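Residue 6 is where the sequence shown starts when you use our numbering, and the numbers rise one by one after that. Worksheet: the structure to be examined is printed underneath.
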Amino acid sequence: MKAILSGIFLLQLLCGSINAQQTSLDTLSNRYDIRNSVTPEKVHLHLDKPYYAAGQSIWFKVYVVDMANQPSMLSKIIYVDLVDNERRVHKSLKLPLAAGLASGDFALPDTLSGGKYRIRAYTQWMRNYGEESFYDHPFVIVNSWKAQKPKEVANRASGKLALKFFPEGGNLIEGLRSRVAFKAIGSDGLGVDVTGYVIDNLGSKVATLKTEHAGMGSFLITPLAGNNYRVIIDSTLSDPFTLPNAVKDGYIMNVTGNGTHSLLVRVTASPSMVGHEKEFKLIMTAFDESTLQSTFKMTRQFADINLPVTAVPAGIARLTLFDEKDLPAAERLVFIRPDDHLKLKLETEKPVYKPRERVKMTLKASTENDAVVTGSFSISVTDMDRIIVNEVNESTILSELLLKSELKGFIEKPNYYFTSTVESTVRQRHLDNLMLTQGWRRFTWQKEDQRIKYYPENGISISGRLLRGGNIVTGGKVTVFTPDAGILMDTLTNEQGRFMFDRLAFADSMRFVIQGRRERSKANITIELDQVHHQPVTIDNFQPDLEAKESEIINSKLKGLKEELLELLNQGLINPTHILDEVAVKAVKDPKKLENSSKLGNTPADYVFMNDQLSDNNLAFALKGKVLGLDYDINPRTGVVTAKLSRNNLMSGARNMEIFVDGLHIGDNFSELNMADIAYVEVIKGLGANSAIYGDKGFGGVVVVTTKGHAGMPNTIQTLSEGIIKYVPKGYSLSREFYSPDYSVAGTKEHKDDFRSTIFWHPDVFIDEGRESHIEFFTADTPGTYRVVVEGLDYRGRLGRSSLTFVVR
Numbered sequence: 006m007k008a009i010l011s012g013i014f015l016l017q018l019l020c021g022s023i024n025a026q027q028t029s030l031d032t033l034s035n036r037y038d039i040r041n042s043v044t045p046e047k048v049h050l051h052l053d054k055p056y057y058a059a060g061q062s063i064w065f066k067v068y069v070v071d072m073a074n075q076p077s078m079l080s081k082i083i084y085v086d087l088v089d090n091e092r093r094v095h096k097s098l099k100l101p102l103a104a105g106l107a108s109g110d111f112a113l114p115d116t117l118s119g120g121k122y123r124i125r126a127y128t129q130w131m132r133n134y135g136e137e138s139f140y141d142h143p144f145v146i147v148n149s150w151k152a153q154k155p156k157e158v159a160n161r162a163s164g165k166l167a168l169k170f171f172p173e174g175g176n177l178i179e180g181l182r183s184r185v186a187f188k189a190i191g192s193d194g195l196g197v198d199v200t201g202y203v204i205d206n207l208g209s210k211v212a213t214l215k216t217e218h219a220g221m222g223s224f225l226i227t228p229l230a231g232n233n234y235r236v237i238i239d240s241t242l243s244d245p246f247t248l249p250n251a252v253k254d255g256y257i258m259n260v261t262g263n264g265t266h267s268l269l270v271r272v273t274a275s276p277s278m279v280g281h282e283k284e285f286k287l288i289m290t291a292f293d294e295s296t297l298q299s300t301f302k303m304t305r306q307f308a309d310i311n312l313p314v315t316a317v318p319a320g321i322a323r324l325t326l327f328d329e330k331d332l333p334a335a336e337r338l339v340f341i342r343p344d345d346h347l348k349l350k351l352e353t354e355k356p357v358y359k360p361r362e363r364v365k366m367t368l369k370a371s372t373e374n375d376a377v378v379t380g381s382f383s384i385s386v387t388d389m390d391r392i393i394v395n396e397v398n399e400s401t402i403l404s405e406l407l408l409k410s411e412l413k414g415f416i417e418k419p420n421y422y423f424t425s426t427v428e429s430t431v432r433q434r435h436l437d438n439l440m441l442t443q444g445w446r447r448f449t450w451q452k453e454d455q456r457i458k459y460y461p462e463n464g465i466s467i468s469g470r471l472l473r474g475g476n477i478v479t480g481g482k483v484t485v486f487t488p489d490a491g492i493l494m495d496t497l498t499n500e501q502g503r504f505m506f507d508r509l510a511f512a513d514s515m516r517f518v519i520q521g522r523r524e525r526s527k528a529n530i531t532i533e534l535d536q537v538h539h540q541p542v543t544i545d546n547f548q549p550d551l552e553a554k555e556s557e558i559i560n561s562k563l564k565g566l567k568e569e570l571l572e573l574l575n576q577g578l579i580n581p582t583h584i585l586d587e588v589a590v591k592a593v594k595d596p597k598k599l600e601n602s603s604k605l606g607n608t609p610a611d612y613v614f615m616n617d618q619l620s621d622n623n624l625a626f627a628l629k630g631k632v633l634g635l636d637y638d639i640n641p642r643t644g645v646v647t648a649k650l651s652r653n654n655l656m657s658g659a660r661n662m663e664i665f666v667d668g669l670h671i672g673d674n675f676s677e678l679n680m681a682d683i684a685y686v687e688v689i690k691g692l693g694a695n696s697a698i699y700g701d702k703g704f705g706g707v708v709v710v711t712t713k714g715h716a717g718m719p720n721t722i723q724t725l726s727e728g729i730i731k732y733v734p735k736g737y738s739l740s741r742e743f744y745s746p747d748y749s750v751a752g753t754k755e756h757k758d759d760f761r762s763t764i765f766w767h768p769d770v771f772i773d774e775g776r777e778s779h780i781e782f783f784t785a786d787t788p789g790t791y792r793v794v795v796e797g798l799d800y801r802g803r804l805g806r807s808s809l810t811f812v813v814r
């Protein structure tokens with residue numbers, strides 16, 4: 006049934022279209038990059054709850070969309086990583102996308118340290134736009150098995166205050182009354198509430214300022230020629246700040262309106278800039294690249310332009326004023342409120358239920374103008390007495406796709422702008438302050454040379470080159486077959502000696518045998534496979550307020566989490582694991598099956614670790630805590646990971662540990678190692694007889710890696726003979742199905758307690774042409790308030806989110 010529903014949604018995507026009104030901009034297209042030649046993708050993940058405990062599972066639904074928020078038809082594979090506070094990737098999933106949709110899960114081991122984590126998701130195509138374009142959501146994991154004390158939150162009263170100013174339109178103009186937005190940031194990176202005033206050269210007060218939300222606000226000022234202005238804050242934390250200098254001539258662009266039906270733009274010019282024959286253009290560019298244009302003349306010092314925005318898609322748009330020479334003269338961002346968004350209505354049969362009672366719920370989707378909705382949605386049900394919920398702090402499909410994916414930098418509490426807790430006009434004013442203080446990350450009026458390095462994936466591919474004696478082989482035959490599944494494929498190499506098997510679908514650990522031939526001979530033939538390396542983590546992207554969230558969770562919910570996990574353990578729904586603080590194995594279990602790759606012969610290394618003892622995606626990360634004194638370093642620009650031993654730093658200076666793979670020296674970059682290929686690892690501390698055999702490369706310590714192929718074990722790429730290799734590529738990660746008990750069946754774990762915090766999770770709720778969807782599940786044993794959250798979109802790119810609560814007692 007799931008495949009049928011996905012097929013219907015895919016058909017709707019192919020048949021449906023949305024054509025936003027666009028204005029021809031031939032005059033400007035040759036000079037400015039108004040429309041990108043390629044279409045970026047954006048990603049949102051709906052998580053079942055806002056934080057987790059070691060031993061639980063993270064359930065998620067993936068939504069990949071294009072610039073118009075329509076499900077992307079470009080990429081067919083999504084990568085999802087679980088990353089810790091030290092930029093270590095603990096687990097990486099590779100999931101197939103169908104019409105931009107996927108679902109998956111992370112099973113968190115009970116040994117996972119508590120702290121700050123993040124989920125990162127991206128397609129290969131998104132890598133062309135940089136890591137900052139990825140979905141990157143920080144959250145907290147607590148470990149209720151270990152003693153975990155709440156962290157003390159730093160005192161915000163100490164530390165230096167930063168205050169930045171943003172004149173509306175770009176510049177202050179002498180003699181013209183201007184609006185200036187500002188943002189006050191504390192030492193912890195969060196907005197700070199401040200009050201103050203602006204003084205001129207003579208010390209006269211010319212304006213007052215006060216923050217409204219998240220350290221942001223605005224004030225009006227008329228800068229005079231020859232004056233400069235300082236801002237005095239009513240606080241002992243800061244010295245006076247200086248306003249940007251005003252320019253002599255220019256234009257001011259002031260915007261008013263609610264952003265739902267129309268915007269009123271007042272353009273004010275310096276007296277010298279006014280001319281009856283000067284023709285100006287005001288262009289609105291939406292995030293999906295659709296445009297609106299208004300042409301006018303400055304017959305007096307100001308002009309009012311009314312822009313209807315009902316045809317503009319919801320989200321961020323950019324207003325740019327072009328002068329008579331078609332040069333950008335002023336610019337600012339605005340937010341267009343959705344006028345035809347999805348209205349999602351959840352209904353239960355009754356407001357109160359008993360423990361273990363069946364809940365029947367319906368989901369209806371509609372729009373403001375009652376258009377027919379065909380869309381895909383995901384639903385989570387959680388116990389609010391066990392899960393701290395604050396709608397303002399949550400990451401939602403609205404805040405992610407309409408704000409976070411479009412703006413630069415950290416946005417404090419982005420979902421605040423989409424909640425109903427604050428009166429709409431106040432919330433709109435606060436949102437406008439955000440538009441004025443944070444820049445649009447993607448658009449620029451200067452043409453850029455965008456080089457494409459990563460291409461959209463239509464499925465898993467096996468590709469490479471066929472060589473003979475170092476020369477390319479044209480017209481060579483390449484055959485691929487799988488011993489496991491009985492698949493046989495063949496193709497011929499092109500003029501560059503290249504071959505490709507595309508649009509493949511298989512699970513992880515599938516084995517392939519690849520054979521290359523030229524004129525019935527495989528003598529001297531070499532198969533060179535393409536390898537796409539995993540995206541390194543180079544950006545620290547944790548929310549500044551995550552420390553406070555972690556302390557709040559530990560203080561209030563640790564007992565309930567432990568109770569839930571103990572019951573799941575008793576029921577066999579999770580498996581306990583154990584970890585040692587330090588493991589020092591002096592000999593491998595079965596040396597007959599493993600060829601030693603070191604030069605030591607029978608001399609034991611200081612540490613030896615088997616592959617199953619190394620649980621991280623990077624060897625340096627896996628060895629930290631297991632090898633005494635080992636620490637690693639990550640180059641923030643390149644992502645290169647190196648390691649050092651503290652004992653060697655003290656005795657011989659800071660020297661990186663050197664790596665040998667199957668007897669060959671490869672340098673000191675741990676990022677070049679594929680953990681899946683490693684059979685076992687030997688660590689030699691250095692400055693001793695064991696390391697001396699490696700010469701000067703052993704001073705800082707040596708890591709000796711034996712690959713599975715060298716040890717007679719399955720390897721990712723293993724040469725069997727001339728022209729034949731065995732290949733185990735990374736296939737699709739298998740996703741589990743959420744366990745939801747059915748208490749209508751007699752004897753269903755009646756003697757077991759049910760303490761689940763996630764009561765129900767359904768990532769594939771489908772609504773076809775406005776028909777309502779029916780969902781059923783059973784409540785748990787714990788009384789309290791249960792919360793239902795639904796998110797999703799339709800094939801036209803309209804987004805929706807809704808929630809309801811009901812009581813169990």
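Glycine included, every Cβ here is placed at the ideal spot set by N, Cα and C. Small disclaimer: the values here were computed from a predicted structure and weren't measured.
request  = May I ask you to verify whether the region 293–307 touches the region 226–237, counting CB pairs closer than 8 Å and requiring at least 3?
outcome  = In short, these stretches do not touch, since the Cβ pair count stays below three.
task = Give the straight-line distance between the Cα atoms of residue 513 and residue 185, rounded to the nearest whole angstrom.
result = Each residue's Cα considered, the two are about 55 Å apart.
key: For residue 87 and residue 542, the rounded distance between their alpha carbons   = When only Cα atoms are considered, residue 542 and residue 87 end up about 11 Å apart.
task = Answer yes or no: do residue 771 and residue 793 have a C-beta to C-beta separation smaller than 9 Å?
result = In this structure, residue 771 lies away from residue 793, with their beta-carbon atoms at least 9 Å apart.
inquiry  = On the DSSP letters alone, give me the boundaries of the alpha helix (DSSP H) that residue 433 sits inside.
reply    = For residue 433, the enclosing alpha helix (DSSP H) covers residues 429–442.
task = For residue 104, write down the residues that DSSP places opposite it in a beta bridge.
result = DSSP output for residue 104 lists no bridge partner at all.
key: Boundaries of the beta strand (DSSP E) in which residue 335 is found, first to last residue   = Bounds of the beta strand (DSSP E) holding residue 335 are 333–341.
message = Here's the rule I'm using: 16 or more other beta-carbon atoms within 10 Å means buried, otherwise exposed. How should residue 779 be labelled?
response = With fewer than 16 Cβ atoms within 10 Å of its Cβ, residue 779 is classed as exposed.
key: C-alpha gap between residue 331 and residue 286, whole angstroms   = Residue 331 and residue 286: Cα-Cα distance of roughly 8 Å.
ask   = What's the call for residue 451, buried or exposed, on a 16-neighbour Cβ count within 10 Å?
value = Low local confidence applies: a pLDDT of 49 at residue 451 is under 50, so the model's placement there is unreliable, and no value is given.
ask   = Can you tell me the Cα-Cα spacing of residue 121 and residue 278, whole angstroms?
value = Roughly 54 Å separates the two Cα atoms.
task = Starting from the Cα of residue 72, find the closest Cα among 707, 408 and 723 and give me that residue.
result = The shortest Cα separation from residue 72 among 707, 408 and 723 belongs to 408.
key: Ordered list of beta strand (DSSP E) runs contained in the region 465–536, each at least 3 residues   = Counting whole runs of 3 or more residues, the region 465–536 contains the beta strand (DSSP E) stretches 465–473, 482–486, 493–497, 503–509, 517–522 and 530–534.
task = Just confirm the distance between the C-beta atoms of residue 350 and residue 807, as a whole number of angstroms; I'd bet it's less than 8 Å.
result = Indeed they touch by this definition, with Cβ atoms about 7 Å apart.
request  = For my contact list, residue 497 and residue 480 are in at a C-beta cut-off of 8 Å; report their separation, rounded to the angstrom.
outcome  = About 5 Å separates the two Cβ atoms, so the contact holds.
ask   = Which two residues bound the contiguous beta strand (DSSP E) that contains residue 292?
value = It is not in any beta strand (DSSP E) - residue 292 carries neither H nor E in the DSSP assignment.
request  = Taking 9 Å as the cut-off, decide whether the C-beta atoms of residue 797 and residue 68 are in contact.
outcome  = A distance below 9 Å separates the beta carbons of residue 797 and residue 68.
inquiry  = With H, G and I counted as helix, E and B as strand and the rest as coil, what does DSSP make of residue 699?
reply    = Of the three classes helix, strand and coil, the one that applies to residue 699 here is coil, per DSSP.
inquiry  = Am I right that residue 219 and residue 355 are in contact with their C-beta atoms under 8 Å? What's the rounded C-beta distance?
reply    = At roughly 40 Å, the Cβ-Cβ gap does not stay under 8 Å, so residue 219 and residue 355 are not in contact.
query = Is residue 606 helix, strand or coil by DSSP?
reply = The predicted position of residue 606 is uncertain, since its pLDDT is 45 and thus under 50; a value taken from the coordinates is nonetheless stated next. In this structure, residue 606 counts as coil in the three-state DSSP scheme.
query = Would you call residue 266 buried or exposed, if buried means 16 or more other Cβ atoms sit within 10 Å of its Cβ?
reply = Burial call: exposed.
query = Run through DSSP, which three-state label would residue 636 get?
reply = If DSSP states are grouped into helix, strand and coil, residue 636 belongs with the strands.
inquiry  = Can you look up residue 61 in the DSSP assignment and give me helix, strand or coil?
reply    = In the structure shown, residue 61 adopts coil according to DSSP, grouped into three states.
key: Neighbour-count burial assignment, residue 296, 16 or more Cβ in a 10 Å radius   = Buried is the call here.
task = Would you mind working out which of 784, 641 and 502 sits nearest residue 365, comparing C-alpha positions?
result = The shortest Cα separation from residue 365 among 784, 641 and 502 belongs to 784.
request  = Under 8 Å by Cβ, that's how I've got residue 56 and residue 144 pegged, so tell me the actual separation to the nearest angstrom.
outcome  = About 5 Å separates the two Cβ atoms, so the contact holds.
task = Hey, could you find the ends of the alpha helix (DSSP H) residue 626 is sitting in?
result = If you look at residue 626, you'll find it in the alpha helix (DSSP H) that goes 624–628.
task = Report, in whole angstroms, the separation of the C-beta atoms of residue 777 and residue 379, which I expect to be a contact under 8 Å.
result = Rounded to whole angstroms, the Cβ separation of residue 777 and residue 379 is 13 Å, and the two are not in contact under 8 Å.
ask   = Going by the CB atoms, is the gap between residue 45 and residue 131 shorter than 9 Å?
value = The Cβ atoms of residue 131 and residue 45 sit closer than 9 Å to each other.
key: Selected residue, minimal CA-CA separation from residue 257, among 637, 275 and 750   = Residue 257 has its Cα closest to that of 275, out of 637, 275 and 750.
ask   = To which residues of the same chain is residue 705 closer than 6 Å at the C-beta, ignoring the five residues directly before and after it?
value = Counting only Cβ-Cβ distances below 6 Å, and skipping sequence neighbours, we find 653, 660, 661, 662 and 691.
query = Which residue from 300, 110, 135 and 168 puts its Cα closest to that of residue 245?
reply = Checked all of 300, 110, 135 and 168; the closest Cα to residue 245 is 168.
ask   = Is residue 429 buried or exposed, if buried means 16 or more other CB atoms sit within 10 Å of its CB?
value = Label assigned to residue 429: exposed.
Pairwise C-alpha distance: residue 294 and residue 321 = For the pair residue 321 and residue 294, the Cα-to-Cα distance works out to about 11 Å.
message = Can you check which of these residues, 210, 232, 683 and 194, is closest to residue 180 by C-alpha distance?
response = When only C-alpha atoms are compared, the closest one is 232.
query = If you count every other CB in all the chains shown that lies within 10 Å of the CB of residue 537, and 16 or more means buried, which is it?
reply = Under this definition residue 537 is an exposed residue.
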